[in-house]
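Single-structure report; data block below.
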Amino acid sequence: MTTTMSQNGNLAPAGLKRTVAPTLRIISVSAFKLHHNVPDDDTDTLIEEYIEAATDFAEQYQRRCFRDSTWQALYDCFPSGGVFYVPIPPLIADSVSITYLDEAGASQTLASSVYTVDAISQPGRVALAYGQSWPSTYGQIGAVTLQFDAGYETVAAVPARTKQAIRKLVSHWVENKEPMIVGTVVAKVPLSVTDLLDQDRFVSYR
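Here the numbering used here is used: the first residue of the sequence shown is 70, the next is one more, and so on.
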């Protein structure tokens with residue numbers, strides 16, 4: 070990926086990676102088994118893998134993060150328009166920190182008084198505080214790092230339609246372990262799953 074800038078001077082990241090993996094599970098194995106009348110424990114490991122894979126699919130499809138985790142977005146410079154649009158919604162408030170290489174090439178942590186954080190909008194925003202300006206940076210790629218937490222902090226906060234989509238996808242994989250049944254073509258991802266996920270899909274930066 071390369072850093073791109075919109076006409077109003079806002080940046081898209083040059084790189085994005087998750088640095089702390091989530092521990093929250095959207096659907097438990099026991100809850101899934103109870104709902105789908107799976108009596109034995111022989112398939113627990115497989116169902117757990119399906120739940121994880123279905124959650125990953127839903128997150129990538131919606132371009133969102135459901136489970137609280139830590140991310141780093143890499144930029145070549147500060148935005149001339151004054152605003153970072155955080156690339157993975159929803160942004161968790163009070164989780165943002167910014168480091169950068171100063172003009173001498175030394176790593177610095179930007180004081181939180183220089184910027185304000187909007188975690189309500191989607192995507193979240195990090196903007197200059199009134200009367201502040203971004204510092205000058207060293208002239209090399211990846212000079213600015215935005216670290217933040219994204220996701221829902223509790224399972225209850227995850228939209229019901231998203232959880233239903235994950236359940237449907239896991240059920241589909243449990244019932245159809247191969248993409249083809251004799252005489253019948255089976256969809257890899259049922260339309261009912263994507264129909265549910267489409268309702269909250271994050272399309273692009275503003």
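Just so it is clear, CB atoms sit at the ideal spot from N, CA and C, and this is done for glycine as well.
Under the Cβ criterion (8 Å, minimum of three pairs), the region 166-183 counts as touching the region 197-207. Closest in alpha carbon position to Gly208, among Leu170, Asp267 and Ser240, is Leu170.
Using a C-beta cut-off of 8 Å, the region 189-197 makes contact with the region 147-156, since at least three inter-stretch Cβ pairs fall below that distance.
Under the three-pair Cβ rule at 8 Å, the region 254-270 does not count as touching the region 208-223. Nearest in C-alpha terms to Val239, of all of His104, Ser149, Arg87 and Gln216, is His104. For the 8 Å CB-CB criterion, Ala122 and Ile210 do not form a contact. Distance from the CA of Asp137 to the CA of Ala162, rounded to the nearest whole angstrom, comes to 12 Å. In terms of CA proximity to Glu117, Arg94 leads the group Gln131, Leu85, Leu160 and Arg94. A check of alpha carbon separations from Thr178 across Asp187, Ser166, Ala188 and Glu172 identifies Ser166 as the nearest. DSSP, read as helix, strand or coil, puts Leu215 in strand. As DSSP reads the structure, Ser138 sits in a beta bridge with Ala219. Cβ-Cβ distances below 6 Å link Ser164 to Phe217 and Asp218 in the same chain, with the five nearest sequence neighbours on each side left out; the list follows chain order. According to the DSSP assignment, Phe126 belongs to the alpha helix (DSSP H) that extends over Asp113 to Gln131. Contact check for Phe147 against Thr206 passes: the beta carbons are separated by less than 8 Å. For Leu197, no alpha helix (DSSP H) segment is defined; the enclosing uninterrupted segment is the beta strand (DSSP E) at Arg194 to Leu197.
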